[in-house]
Every structure is written in structure tokens, then in C-alpha cells.
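K.L.:
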Amino acid sequence: MAGKLEGKIVTLAKRNKGEKMTAAELMHHNFDEIFIEVDPVKREAMMRNAYTEDCVWIHPGGRLVGIAAINEAASEIRKSIPEYRYKVVGDIHTMHNVGMCRWGSGLPDQPFRYTGTDVLEERDGRVAVFYTFIDSGTPPVPSTE
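Sequential numbering from 1 applies to the sequence shown in UniProt numbering.
1. Decide yes or no for the touch test of the region 37–55 against the region 92–102: beta carbon pairs closer than 8 Å, at least 3 of them.
2. In chain order, which continuous runs of the alpha helix (DSSP H) of length 4 or greater are located wholly inside the UniProt domain "SnoaL-like" (46–128)?
3. DSSP state of Phe133, grouped into three classes?
4. How many whole angstroms separate the CB atoms of Leu26 and Val98, which I take to be in contact at a CB cut-off of 8 Å?
5. Please report the distance separating the alpha-carbon of Thr67 from that of Pro111.
6. Would you kindly work out how many angstroms separate the C-alpha atoms of Trp57 and Met95, rounded to a whole number?
7. Is the separation between the beta-carbon of Pro60 and that of Phe133 shorter than 9 Å?
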């Protein structure tokens with residue numbers, strides 16, 4: 001589920017350029033659009049609409065800074081497991097400009113291969129920092145550091 005406008009789902013492609021989003025909307029875009037996109041050019045365009053230029057992703061494999069580095073890591077994930085999907089499990093909790101949610105990932109209509117928690121900090125309607133905590137399994141997330 002992406003952002004909602006008057007009860008309808010609004011994808012990143014249909015949002016106005018520069019439109020500010022809430023932490024909850026950004027989390028949905030991350031799971032439902034950005035990290036499942038196989039085409040790196042399309043994914044980067046979505047990231048440019050949803051992330052700050054200096055966005056940071058901190059995950060079990062390391063720390064990535066900037067849209068290009070995060071997009072490269074997402075490309076490696078998609079190459080390894082192109083058919084995997086992410087699903088938010090339960091509610092997205094927000095406080096001020098921070099969102100947190102539980103999620104699972106795996107093949108469609110199959111038990112999750114791994115699960116975790118993401119925490120996201122929004123700045124000016126964009127993802128500034130996000131943290132990924134993994135509960136089980138080992139996702140193929142490369143690190144440049």
C-alpha cells in the first residue's frame with residue numbers, strides 16, 4: 001500500500017514532484033514499490049522522489065550513504081532474489097518524523113524467508129535515514145564499507 005489520497009492508493013509515479021510524504025507513507029513506498037522494483041533506472045527515479053540525496057541506510061551488512069549506493073545494493077538484492085516481496089506486518093508506528101514497522105520477506109504466497117524491523121527518519125517529506133534489523137535468515141545485502 002503506497003500513500004493514500006482521499007482513500008485511494010497513490011504510487012510514487014503519480015505523486016507530484018517534490019510532494020512531501022509522512023514517515024508512514026515513505027515506509028509503504030519503500031516496501032511496496034522501491035525495494036521490489038527490478039529495473040535500477042526506475043528504482044532510482046522513485047528513490048529521487050522519496051529519499052534525500054544524502055540518505056543513509058544502516059543494515060546488518062554495513063552503512064550505505066546516498067541514493068546511488070542504496071540503489072546499487074537494492075540492485076544486488078533484486079538480482080539474487082528477484083521474486084521476493086516485502087510485506088509490512090501489523091501497523092506502522094509513528095512518532096514525530098520517525099516511523100517503525102515489522103515486516104517479512106519471501107516468495108509470494110509462501111512463509112517468510114526472513115523477518116525484521118525497519119525504522120525510518122523523515123526529513124522534509126523524504127527518507128533521511130533508515131535502519132534495517134533482521135530477525136532470522138540472512139538477506140543478501142552487500143556493503144561498500
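Beta carbons: idealized from backbone N, C-alpha and C, even for Gly.
P.N.:
So, from the listed chains and residues:
1. Segments in contact, no.
2. The qualifying runs are 67–80.
3. Here Phe133 sits in strand by DSSP.
4. Incorrect: roughly 11 Å between the Cβ atoms, too far for contact.
5. The question names Thr, but residue 67 is Ile in the sequence shown. Taking the straight line joining both Cα atoms gives about 31 Å.
6. For Trp57 and Met95, the distance between alpha carbons rounds to 20 Å.
7. Yes, these two residues count as a Cβ contact at 9 Å.
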